[in-house]
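Notes for the one structure printed next.
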Amino acid sequence: MLWNNRLYVGEMAEPHKKTIVKKIKNNKVQLGIYVLALPANEENVMDIYPAQVLLQEHFKKSNQLIIGIAKGKDEAFELMMQIITDSITETGSYRVKDLVEKYS
3 MLWNNRLYVG EMAEPHKKTI VKKIKNNKVQ LGIYVLALPA NEENVMDIYP AQVLLQEHFK
63 KSNQLIIGIA KGKDEAFELM MQIITDSITE TGSYRVKDLV EKYS
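This note's numbering puts the first residue of the sequence shown at 3, with every later residue one more than the last.
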């Protein structure tokens with residue numbers, strides 16, 4: 003897993019940002035935490051995963067870029083909408099990858 007320099011963080015996750023990121027990097031279980039990532043395939047806009055699935059070997063070895071963290075599924079969907087809106091506003095495209103590349 004890779005981490006985007008411009009990490010989007012949900013409002014409820016913000017006070018716990020450092021702890022959440024540290025626990026994910028240290029392979030600790032975190033129930034109720036979701037990560038938003040660039041899609042595994044080009045047909046999707048982005049992927050949303052419960053943080054506990056990141057403990058699977060597949061994810062540990064993947065080069066998927068995490069672009070956001072949220073506390074709860076509802077906040078994950080709200081954050082997804084914010085990211086897509088930012089992408090359209092800043093790049094003219096709903097492709098989140100374009101937004102990420104703009105700030106890389």
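From the three backbone atoms N, C-alpha and C, an ideal C-beta is built for every residue, glycine too.
{"Item": "For D100: DSSP bridge partner residues", "Value": "DSSP output for D100 lists no bridge partner at all."}
{"Item": "Straight-line Cα distance separating V37 from K99", "Value": "16 Å"}
{"Item": "Three-state class that DSSP yields for A39 in the structure shown", "Value": "strand"}
{"Item": "Extent of the continuous beta strand (DSSP E) to which K73 belongs", "Value": "67-73"}
{"Item": "C-alpha gap between I50 and G94, whole angstroms", "Value": "23 Å"}
{"Item": "8 Å Cβ cutoff met for V47 and I22", "Value": "no"}
{"Item": "Rounded separation between I68 and L40 - CA only", "Value": "7 Å"}
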